[in-house]
Amino acid sequence: MLRQSLARSAWRTGRRAANASRAFATTSKRQAEVELTVDGKKVSIEAGSALIQACEKAGVTIPRYCYHEKLMIAGNCRMCLVEVERAPKPVASCAWPVQPGMVVKTNSPLTHKAREGVMEFLLANHPLDCPICDQGGECDLQDQSMRYGADRGRFHEIGGKRAVEDKNIGPLIKTSMNRCIHCTRCVRFANDIAGAPELGSTGRGNDLQIGTYLEKNLDSELSGNVIDLCPVGALTSKPYAFRARPWELKHTESIDVLDGLGSNIRVDSRGLEVMRVLPRLNDDVNEEWINDKTRFACDGLKTQRLTMPLIRREGKFEPADWEEALAEVARAWERKKPRGNEFKVISGALTEVESLVVAKDMANKLGSDNLALDTPTGSQPLAHGVDVRSNYLFNSRIWGIEDSDCILIVGSNPRHEAAVLNARIRKQWLRSDLEIGVVGETWDSTFEFEHLGTDHAALKKALAGPFGKKLQASKKPMIIVGSGVTDHPDAKAFYETIGAFVDKNSANFMTEEWDGYNVLQREASRAGAFEVGFVTSSTAVAETKPKFVWLLGADEFNEADIPKDAFVVYQGHHGDRGAQIADIILPGAAYTEKAGTYINTEGRVQMTRAATSLPGAARTDWKILRAASEFLGAPLPYDDVAAVRDRMVEISPALAAYDVVEPVALRQLSKVQLVDQNKGSKASGSPLKKVIDNFYFTDVISRSSPTMARCSAAKATGDPRTKLMAPGMEEDKPMGQIAYGV
């Protein structure tokens, strides 16, 4: 497929250019189908499709190394050769467009001989590293050499096999460039998907090498995906090196909770330890990519863990059993005697819906409506409200980005808040004439955008100016509102302005097929909390001084919300900021140790599944709350998870169906409500700021991860040789040999 590379107008005033030139093809109507014959079977497929796609539609598996469904076609490896009638020689099926009446043979003697020859060339310089290679057992080269290769090689060179120096591209990816077969999957991913042009090829022929032109980190939040893409052992996981073989691992399908997207993942575990996290295919959510935090922060699951109840006595924590700890909670309740809203529950970023419902019911039964999320602005009521779902969800859907023709981003850095969603924006920017505007603090973007200002006045000017006219003229416009707005003191003014603009231009923002108003949630628990009403009911309630505070995995709270004399219970799985101020610590379960329900930013209900058992005396969070309600004299009416989920569905029927996005009703009314509830709000003029300062430290798991610490240090210095190790660690020492304390 030919592409025309066009340099966009980076010289225009007010525009920020991305790191790479833009290349796109004009979107065209669906072409007519053509019919061809593959191994005697008639196949119809869209004109312009690659021959390898027609073969797959016919049920024929074609070997390949360079071809990948999500990447541009390269035609490097020649492993996908097939025989086409009247063609002078075998053709590369990945780069050959289908034509009417073609007759293709994928299993002929000529095809077998051609593939055998390609395999011999690939193996000519490949080292015999299989016993010590981390790719062993899941290596395409191993599998295809057994299936398509010869039983011997004819390569005899006095100088020996080709040798290439390994490259240092950061703390995540281990390179063994002797094994590289030059498929260029990693190069195409880095340039086309991740927007990291540092990775490329130099030289030609026998001197061709893959690497960075200068020794530097692969600067991308998606860099770890090249490990999955590499068909051989040239690029492997550095933290996972020499730790396990794939046949030793138990595979558990789950979802990621370290951001608001809910990327589909597979958790590989051995015994009680999570060994690695890999992506699962879901084209509606994350395609087949995950960010580096999702992939590599799993080593934080075993550091700084809370494994037993702890009671603070004379300034020091002492271990206790569960009955003793809960009895102490009850005694503290009797001492403090909180009335009504003097009991406050603050939920954290990783809390599942089951625990939110149980915590809400417990607080309500004890007479309190004082519920809050751990946000920098504290416990004040939300400006966008939660009465209508479309006011807090990503209504265009994640995949809808690929249909948009104009996007305004307000108060968000999608590269850090949702790296996989950011890749979708880049994809659409590359292949179409997408216009992107940004109100808020700028960042090192992977796509070109027009910076329109940083405050509320700039937003009003942008919507009334040329960019607002572009939104009005576009067929599928999008406004993406980030956490920078939700957590901003001027949130009410921002939401009033955005809601009024969307309502005024509802003809193209709100149609039967499209809703262009989107809120990007950066935390996994936020959409679920809004869904079940785990929010502050009023300013008066929020300003009530609490005597008894329950931190449900909350570590990013505003200190003003917790008086010095309040009794604090921390329920969570890591010893972080919340545990430091607690009077009692109750150890809970991490997302890999429980089956929990989460709602992602677009409203999709998904579930984590337990990959390992709970460490020590830790317990599932909703069970802890249920037991605590007994000791506090307000027992809740459910004893198993089925009853809890029935209660969830009673609160929100949308929680009944998993992996489904329920259609949103009253969309038009929701924008009217958004304007009415914030009408007359005044803006202070303070600029929108990035809510994430460090991509690698956004939650208790990533902050406890030695790998994320190394990434943060390497990012800060820009030097891939930076070494920042946990105590007792060395660069190539397997992490499984380290024993971490409580």
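Going by full-length UniProt numbering, the sequence shown opens with residue 1, and the numbers climb by one from there.
Using N, Cα and C, we set each Cβ at its ideal position, and we do this for glycine too.
- For the pair E352 and G533, the CB atoms are not nearer than the 8 Å cut-off.
- As DSSP reads the structure, D515 sits in a beta bridge with M510.
- By the C-beta density criterion, F695 is buried, having at least 16 other C-beta atoms within 10 angstroms.
- Between the alpha carbons of S629 and E513 lies a distance of about 46 Å.
- The beta carbon of A590 is closer than 6 Å to those of L301, H573 in its chain, skipping five residues each way along the sequence.
- For S269, DSSP records a beta bridge to K250, V274.
- Secondary structure note for C186: its alpha helix (DSSP H) is the uninterrupted segment 185 to 188.
- The C-alpha of R431 lies about 10 Å from the C-alpha of I425.
- Judged by DSSP in its simplified three-state form, M119 adopts helix.
- Per the Cβ contact rule, the segment 536 to 545 is not in contact with the segment 502 to 518 (fewer than 3 Cβ pairs under 8 Å).
- DSSP, reduced to helix, strand and coil, places M607 within a strand of the structure shown.
- Taking 3 residues as the shortest admissible run, the segment 134 to 222 contains the following complete beta strand (DSSP E) segments, listed from N- to C-terminal end: 173 to 175, 199 to 202, 209 to 212.
- Residue pairing of I436 in beta bridges, as defined by DSSP: I407.
- With fewer than 16 neighbouring CB atoms inside 10 Å of its own CB, N206 falls in the exposed class.
- A check of alpha carbon separations from V386 across V285, S537, M119 identifies S537 as the nearest.
- Of the residues assessed, A507 falls on the exposed side of the cut-off, its CB having fewer than 16 other CB atoms within 10 angstroms.
- Setting aside the 5 residues that flank it on each side, V60 is surrounded in the same chain by V38, D39, T106, each with a C-beta closer than 7 Å to its C-beta; the list follows chain order.
- The alpha-carbon separation between T717 and N217 amounts to approximately 10 Å.
- A Cβ-Cβ distance of about 6 Å is found for the pair V410 and L459, placing them in contact under the 8 Å criterion.
- For P109 and E83, the gap between their C-alpha atoms comes out near 9 Å.
- Using a Cβ distance threshold of 8 Å, G528 and L356 count as a contacting pair.
- Here DSSP, grouped into helix, strand and coil, assigns L356 to helix.
- Counting only residues of its own chain and dropping the five nearest sequence neighbours on each side, S483 has a CB closer than 6 Å to the CB of R522, V691.
- In the DSSP assignment, N264 is bridged to I255.
- Here A628 carries a helix assignment [DSSP, helix/strand/coil].
- For F343, the uninterrupted beta strand (DSSP E) segment begins and ends at 343 to 347.
- Residue nearest to H416 within the set R115, L261, E85 is L261 (criterion: CA-CA distance).
- For K594, the closest of L421, H112, T608, K476 by C-alpha to C-alpha distance is T608.
- Between the C-alpha atoms of S269 and K293 there is a straight-line separation of about 18 Å.
- If you draw a 10 Å sphere on the C-beta of I227, you find 16 or more other C-beta atoms in it, and that means buried.
- Boundaries of the beta strand (DSSP E) harbouring G572: 567 to 572, taken from the DSSP string.
- Per the coordinates, the alpha-carbon of G348 lies some 50 Å from the alpha-carbon of M79.
- Nearest neighbour of Y570 by Cα position, chosen from D555, A560, D561, K564, turns out to be D555.
- T592 is positioned such that its CB atom lies no closer than 8 Å to that of A617.
- The segment 665 to 707 contains, as complete alpha helix (DSSP H) runs of 4+ residues, the segments 667 to 677, 700 to 703 (chain order).
- Taking C-beta atoms as the reference points, E354 and V43 fail to come closer than 8 Å.
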